[in-house]
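**Student:** The structure's right below; bear with me while I get my questions together.
Protein chains in written order, with our numbering: chain A, 145 to 254; chain B, 145 to 254.
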């Protein structure tokens, strides 16, 4: 069942999923005019192949451990770590441990 | 001492500050082309008066408890809760318990 997207000023829970992580699915939390936010589920051994988006993004690890490859290097993100990637930067993600990740995308409209 | 701003693909720690919260200061974590992120320290009893910014923003409570007034209502955000506010929405923030908050601002350049 798809969750309804949040609206402006509506609180959204982003607690770690813990034992529910293994059966969770990636969800879009909301899409506004300038920003879109999703919670990405990236289980150990799974990956998101190299891709890029027009606008800047932030990647915040909520739980688990992922590897982010971008800007010519691969780096680990663990819980409570954040990075941004410049718009247009080719990047790939890999789950090192079962992880959930908050991804915020700046939507470039011009 | 000002922290140097993070660059693209550089991990940034956003763990709760815990006992260091009471003496911490608001810091800008980075400013990219489309997105700016800061960690706002909002101690109990302190507030940010009503204001607005052009682009959409997200407000994520890392620790503590804040009250967000916007869109005609006041709501509590606690640790691991997030909300977005539409660009141009008048909003104010108040610390209910000592809190640190991740604020992501979409920079509208057009």
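Here a beta-carbon is modelled for each residue, glycine too, at the ideal position from N, C-alpha and C.
So with CB distances below 8 Å, who are the chain B contacts of residue 248 of chain A?
**Tutor:** Under the 8 Å cutoff, chain B gives 179, 202, 248.
**Student:** Quick one, are the C-beta atoms of residue 239 of chain A and residue 190 of chain A less than 7 Å apart?
**Tutor:** Closer than 7 Å, so yes.
**Student:** According to a CB-to-CB cut-off of less than 8 Å, which residues of the segment 145-163 of chain B neighbour chain A?
**Tutor:** So the list reads 150, 152, 153, 154, 155, 156, 157, 158, 159, 160, given in the order they occur along the chain.
**Student:** Check for me: the beta strand (DSSP E) holding residue 211 of chain B runs from which residue to which?
**Tutor:** Unbroken beta strand (DSSP E) run through residue 211 of chain B: 201-214.
**Student:** Report the neighbours of residue 233 of chain A on chain B: residues whose CB is nearer than 8 Å to its CB, in chain order.
**Tutor:** Within chain B, the residues near residue 233 of chain A are 152, 153.
**Student:** How long is the line joining the alpha carbons of residue 213 of chain B and residue 193 of chain B, rounded to whole angstroms?
**Tutor:** Computed Cα separation, rounded: 10 Å.
**Student:** For residue 183 of chain B, does the count of other Cβ atoms within 10 angstroms reach 16, so buried, or fall short, so exposed?
**Tutor:** The residue in question, residue 183 of chain B, is buried, as its Cβ has 16 or more Cβ neighbours within 10 Å.
**Student:** Buried or exposed: where does residue 246 of chain B fall if 16 or more other Cβ atoms within 10 Å of its Cβ makes it buried?
**Tutor:** Result: buried.
**Student:** Identify, in the order they occur along the chain, each residue of the same chain with its Cβ nearer than 8 Å to the Cβ of residue 226 of chain B, setting aside the five sequence neighbours on each side.
**Tutor:** Correct list, in chain order: 202, 203, 204, 205.
**Student:** Under the assumption that residue 243 of chain B contacts residue 173 of chain B (Cβ atoms under 8 Å), give the Cβ distance between them as a whole number of angstroms.
**Tutor:** That pair is no contact at about 17 Å.
**Student:** Which residue marks the beginning of the beta strand (DSSP E) containing residue 176 of chain A, and which one marks its end?
**Tutor:** Run containing residue 176 of chain A: none; DSSP gives neither H nor E here.
**Student:** Quick check: the Cα distance between residue 210 of chain A and residue 221 of chain A, rounded to an integer number of angstroms?
**Tutor:** Approximately 5 Å, taken between the alpha carbons.
**Student:** Using a Cβ-Cβ distance under 7 Å, would residue 243 of chain B count as near chain A?
**Tutor:** Judged by the 7 Å Cβ criterion, residue 243 of chain B is not in contact with chain A.
**Student:** If you check the beta carbons only, do residue 248 of chain A and residue 248 of chain B fall under 7 Å apart?
**Tutor:** Against a cut-off of 7 Å, the Cβ pair of residue 248 of chain B and residue 248 of chain A comes out as a contact.
**Student:** Tell whether a beta-carbon distance below 7 Å holds between residue 251 of chain A and residue 199 of chain A.
**Tutor:** A contact, by the Cβ cut-off of 7 Å.
**Student:** Quick one: is residue 208 of chain A near chain B, going by C-beta distance under 7 Å?
**Tutor:** No - not a single Cβ of chain B is within 7 Å of the one on residue 208 of chain A.
**Student:** Suppose the cutoff is 6 Å on Cβ atoms and the five residues either side in sequence are ignored; what does the same chain contact list for residue 257 of chain B look like?
**Tutor:** In this structure chain B extends from 145 to 254, so residue 257 of chain B is not present and cannot be described.
**Student:** Within its chain, find whatever has a CB closer than 7 Å to the CB of residue 215 of chain A; leave out the 5 residues flanking it on each side and keep chain order.
**Tutor:** Correct list, in chain order: 233.
**Student:** Check each residue of the segment 217-228 of chain B: if its Cβ is closer than 8 Å to any Cβ of chain A, include it; give the result in chain order.
**Tutor:** Of all residues in the segment 217-228 of chain B, 217, 219, 220, 221, 224, 225, 226, 227, 228 have a Cβ within less than 8 Å of some Cβ in chain A.
**Student:** Say whether chain A places a C-beta atom closer than 7 Å to the C-beta of residue 189 of chain B.
**Tutor:** Taking Cβ atoms only, chain A never reaches closer than 7 Å to residue 189 of chain B, which makes this a no.
**Student:** What in chain A is Cβ-close to residue 230 of chain B, meaning under 8 Å?
**Tutor:** Per Cβ cutoff of 8 Å: 152, 176, 177.
**Student:** Please classify residue 166 of chain B as buried or exposed, where buried requires at least 16 neighbouring CB atoms within 10 angstroms.
**Tutor:** So residue 166 of chain B ends up on the exposed side.
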